[in-house]
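> This is the structure I have questions about; it appears just below.
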Amino acid sequence: MPRKSLLLFLLVGIIWGTPYFFIEIALEHFDTTSLVFARVFLGAVILLPIAMAKGMLTATLKAWPAVVAFAGLEMIGPWFLIPEAQKDISSSLASLLVTTVPFIAAFFVGLLGDKSAWHPLTVLGLVVGLAGVIALVGIDAFSGVTPLAPILMMLGAALGYAVAPIVVNRMPQEVPTLGVIAVSLAIVSIVYAPFAAVSLPQNIAAGPSWQAWVALLVLGAVCSALAFVLFFALIRQIGPARASLITYVNLAVAAVLGVVFLAEPITIGIVVGFPLVVAGSYLASRQRQALVRKGRRIPKGEEIPETL
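Read in this note's numbering, the sequence shown has 239 at position 239, and its numbers run on one by one without any break.
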């Protein structure tokens with residue numbers, strides 16, 4: 001991976017490892033709809049004027065179906081499901097479940113016609129990763145340690161996170177990145193505004209702590225506005241499948257913050273399922289050439305280049 005891409009990869013990975021921690025803090029004083037609205041509204045306030053000043057809105061709105069799809073898959077659904085799930089599960093478990101994104105993305109890339117996605121090692125990665133999820137859900141949920149519903153919510157969020165970058169990658173090159181992010185945040189703000197209009201005044205009247213306000217500020221300005229700009233740049237450089245591997249960095253950051261600062265437990269399900277999910281996602285997300293090229297099978301012994 002080129003040095004610039006690696007820097008972007010690590011930076012986005014670290015930034016997006018923190019939302020789970022800040023969501024836990026914000027949920028102590030804000031409900032889910034208020035939290036999501038405050039996050040996206042702040043991001044839109046920061047980025048929309050910049051996009052307008054640069055004349056990006058016209059080109060962005062021409063691709064409005066893709067922009068709406070991205071907003072729904074990346075924000076409207078997942079950003080509601082994750083805080084709701086974190087009411088019942090730890091931030092470290094939430095981040096672990098999101099590490100299913102790479103092998104979900106690899107599966108959909110294969111369905112969209114990338115024959116290299118059906119390479120035997122890629123398929124093995126899909127199977128191993130799925131086994132990890134099953135182990136995680138089975139051990140923790142059915143042993144009574146973790147409710148099943150929030151786990152399903154997190155897997156639904158992971159599905160949205162897996163498909164959204166594919167939508168981005170298929171947008172025409174002339175569609176400006178900043179415009180897509182700004183308009184998406186504005187769309188989500190409009191969707192959540194009616195719900196926040198009811199709940200937000202009640203949350204404010206309860207007197208949120210300064211920590212909760214800081215959490216909202218970081219979620220909106222850093223984890224939304226800044227992180228998306230960097231993530232889009234990463235997708236353009238290395239593609240959606242490999243870009244999704246930032247979830248491993250996310251997990252490391254979220255786990256450390258959760259265990260050290262929130263005193264969250266490390267369950268048996270995490271210990272068993274985590275290695276399988278990571279191994280499966282790694283195998284499923286590696287770039288490989290298709291085994292069939294121009295109607296002929298690659299001869300045995302011919303090298304198949306693999307790069308990260």
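Yeah, the Cβ is synthetic: ideal placement off N, Cα and C, and Gly gets one too.
Is the beta carbon of I181 less than 8 angstroms from the beta carbon of V229?
As a first step, residue 181 is located in the sequence shown; it is residue number 181 there, counting from the start. As a first step, residue 229 is located in the sequence shown; it is residue number 229 there, counting from the start. Result yes, Cβ atoms of I181 and V229 sit closer than 8 angstroms.
> State yes or no: is the C-beta of P78 within less than 8 angstroms of the C-beta of T32?
Mapped onto the sequence shown, residue 78 falls at position 78. Mapped onto the sequence shown, residue 32 falls at position 32. No, Cβ-Cβ distance for P78 and T32 is not below 8 angstroms.
> Of the choices E174, P165, P172, whose alpha-carbon is the least far from that of L234?
Position 234 of the sequence shown holds residue 234. Considering only alpha carbons, the answer is P165.
> Just checking my contact of T122 with L251 at CB under 8 angstroms: how many whole Å lie between their CB atoms?
Within the sequence shown, the letter at position 122 stands for residue 122. Within the sequence shown, the letter at position 251 stands for residue 251. Not confirmed; about 21 angstroms, so no contact.
> With 16 as the cutoff for other CB atoms within 10 Å, does W16 come out buried or exposed?
Along the sequence shown, one-based indexing puts residue 16 at 16. W16 should be labelled buried.
> Going along the chain, which residues of its own chain have a beta-carbon closer than 7 angstroms to the beta-carbon of K87, five neighbours each way excluded?
To locate residue 87, count along the sequence shown from 1; it is residue 87. Cβ within range, chain order: L27.
> With DSSP as the reference, label E74 as helix, strand or coil.
The sequence position of residue 74 within the sequence shown is 74, counting from 1. E74: helix per DSSP, three-state reduction.
> Please report the straight-line C-alpha distance between L111 and S209, rounded to a whole angstrom.
Taking the sequence shown and counting its residues from 1, one reaches residue 111 at position 111. Taking the sequence shown and counting its residues from 1, one reaches residue 209 at position 209. About 47 angstroms.
> State the Cα-Cα distance for the pair Y282 and V109, rounded to the nearest angstrom.
Stepping through the sequence shown from its first residue, residue 282 is reached at position 282. Stepping through the sequence shown from its first residue, residue 109 is reached at position 109. Computed Cα separation, rounded: 15 angstroms.
> Is the segment 33-52 touching the segment 182-202 in the sense that three or more CB pairs, one from each, lie closer than 8 angstroms?
Yes, the segment 182-202 touches the segment 33-52.
> Helix, strand or coil for R170? Go by DSSP, reduced to three states.
Against the sequence shown, residue 170 aligns to sequence position 170. Reduced to three states, the DSSP call for R170 is coil.
> If you measure between the beta carbons of V167 and F231, is that distance less than 8 angstroms?
Taking the first residue of the sequence shown as 1, we reach residue 167 at position 167. Taking the first residue of the sequence shown as 1, we reach residue 231 at position 231. No, Cβ-Cβ distance for V167 and F231 is not below 8 angstroms.
> Along the alpha helix (DSSP H) that carries M52, what are the first and last residues, could you check?
Numbered from its first residue, the sequence shown carries residue 52 at position 52. Unbroken alpha helix (DSSP H) run through M52: 32-53.
> By a C-beta neighbour count over all protein chains shown, 10 Å radius and 16 as the cutoff for buried, is A206 buried or exposed?
If you number the sequence shown from 1, residue 206 lands on position 206. Per the 10 Å Cβ criterion, exposed.
> Anyone know if the C-beta pair for S224 and G43 falls short of 8 angstroms?
By one-based count along the sequence shown, residue 224 stands at place 224. By one-based count along the sequence shown, residue 43 stands at place 43. Going by C-beta atoms, S224 is nearer than 8 angstroms to G43.
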